[in-house]
Amino acid sequence: MILKEVQKSLIVASAAAFPLFFSSLSANAANLGALQQLGEQIFWDKISNPPRMACVTCHDPRAGWTGPHSQTNLTQVAITGANPHTIGNRKPPTSAYSSFIPPFQEGVVGLPSGVLGGAFWDGRAKGNIPAGSTTDPNKIGDEVFAETADPAGLKTAYGQYRGPTAVQALGPFVNPVEQNKADRAGVCRHVQKAQYAPLFEQAWTIPITCDDAHVDVNYKRIAVAMAAFQDSGKVHSFSSRRDQALAEDPDKKFPLDGLTEQENLGHDLFYTVKIGGNIISGPAPNGKGANCVVCHNIA
59 MILKEVQKSL IVASAAAFPL FFSSLSANAA NLGALQQLGE QIFWDKISNP PRMACVTCHD
119 PRAGWTGPHS QTNLTQVAIT GANPHTIGNR KPPTSAYSSF IPPFQEGVVG LPSGVLGGAF
179 WDGRAKGNIP AGSTTDPNKI GDEVFAETAD PAGLKTAYGQ YRGPTAVQAL GPFVNPVEQN
239 KADRAGVCRH VQKAQYAPLF EQAWTIPITC DDAHVDVNYK RIAVAMAAFQ DSGKVHSFSS
299 RRDQALAEDP DKKFPLDGLT EQENLGHDLF YTVKIGGNII SGPAPNGKGA NCVVCHNIA
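Per our numbering: the sequence shown ends with 357, consecutive numbering throughout.
Listed below in structure tokens is the structure:
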């Protein structure tokens, strides 16, 4: 058994759990609640052509927020698209805890590949947040805060949700082998007409519009809302035996009092490797003796 290693305790508060009219909340907190609720509604909405596929189709909470069909996982792996004659080329990873994935970066010391971050192994969503505004359709910058009633306040409240999870959300709606919408304008108009459309204005302080000048930025705002929902306590449950033991441990360090000796040993074996008689946490700098977590992480 290795010496105890400091573990960061992660506390995810779901602002969506509070009513938006609760007077003691700040404006930004109330807006964050609306943003998460908007993202949740969109996540479950069948915004596809034909209307038979939603985000939850590939990220089902009953299956750990990934594909729920065992037969698909055993055979074609990728899920059939909204168009039943198409099949995607990616197995959906879990969306649980995905907001902890950092933006894509290279030259990381200590990792065999030297790369870290980004959603999906093929680099579909790098999630690097640009400085200032951008016209790049696949990046989300300060343009999403422009023309709102409080650009600085909303950037403070929502800025963190522009990373890989939000950039990933830009893709499936208009991918022919996923939700198969013709364009971003079609997605925008769907949300504009939905019963939950008022949540957009509550979150962004302006109503959703889908004219040529605003469709792209509002599509990005939709993606930010989805990222905010996926960062909420509804998705990040922290309910595993390990999470519970970590939360109840007095010093929040391993080995945890709430786990058995065998379970603590399993943690050590998963996260550590032995080099020259020394046990270290993380993969070996030379790429040898890589531990389990190198291949089994939330990317």
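The beta-carbon is built from N, C-alpha and C at its ideal position, and this holds for glycine as well.
So Thr-124 and Val-235 are supposed to be a Cβ contact under 8 Å. How far apart are they, rounded? Actually they do not touch by this definition, with Cβ atoms about 18 Å apart.
CA nearest to the CA of Arg-110, picked from Leu-323, Thr-138 and Gly-122: Thr-138
8 Å Cβ cutoff, Ala-140 in contact with chain C: Absent from the structure is chain C; it holds one protein chain and no more.
I'd like the span of the alpha helix (DSSP H) that includes Ser-297, first residue to last. No alpha helix (DSSP H) contains Ser-297, which DSSP labels as neither H nor E.
Leu-174, DSSP secondary structure in three states: strand
Given 8 Å, three or more beta-carbon pairs between the region 300–311 and the region 249–269: no
Below 8 Å on the Cβ atoms is my contact criterion, and I expect Pro-150 with His-117 to pass it. Report the Cβ-Cβ distance as a whole number of Å. 6 Å
Tell me which same chain residues have a C-beta within less than 7 Å of the C-beta of Asp-208, skipping the five on either side of it? Thr-263
Three-state secondary structure (DSSP) at Asp-118? strand
According to DSSP, residues forming a beta bridge with Ala-183: Ala-177
Run of the alpha helix (DSSP H) containing Pro-135, from where it starts to where it stops: The question names Pro, but residue 135 is Val in the sequence shown. Element bounds for Val-135: n/a, residue is neither H nor E.
Three-way DSSP call (helix, strand, coil) for Ile-159 in this model: coil
Quick test of your reading: Arg-182 and Gly-221, contact by CB under 8 Å. State the CB separation rounded to the nearest angstrom. The Cβ separation is near 13 Å, so there is no contact.
When you compare the CB positions of Tyr-254 and Gln-99, do they come within less than 8 Å of one another, or not? yes
Beta-carbon spacing of Val-202, Val-273 below 8 Å: no
Whole angstroms is fine: what's the gap from Asn-238's alpha carbon to Val-225's? 17 Å
Distance check for Glu-205 and Ser-153, CA to CA, integer angstroms please. 31 Å
Quick one: give me the first and last residue of the alpha helix (DSSP H) that Ile-280 is part of. 273–288
Quick one: residues in its chain with C-beta nearer than 8 Å to the C-beta of Cys-350, no 5 flanking neighbours on either side, listed in chain order? Leu-327, Phe-328 and Tyr-329
Between the CA atoms of Ala-227 and Met-284 - distance to the nearest angstrom: 7 Å
Where Asp-289 falls, given that 16 or more other Cβ within 10 Å makes a residue buried: buried
Report buried or exposed for Gly-165, applying the criterion of at least 16 other Cβ atoms within 10 angstroms of its Cβ. exposed
Are the beta-carbon atoms of Phe-162 and Gly-185 separated by less than 8 Å? yes
Which of the three DSSP states is assigned to Ile-264 in this structure? coil
Between the Cα of Lys-92 and those of Glu-259, Ala-112, Ala-136 and Lys-292, spot the shortest distance and give me the residue it belongs to. According to the sequence provided, residue 92 is Ala. The question's Lys does not apply to it. For Ala-92, the nearest C-alpha among the options comes from Glu-259.
Taking DSSP as the reference, what is the three-state secondary structure of Lys-292? coil
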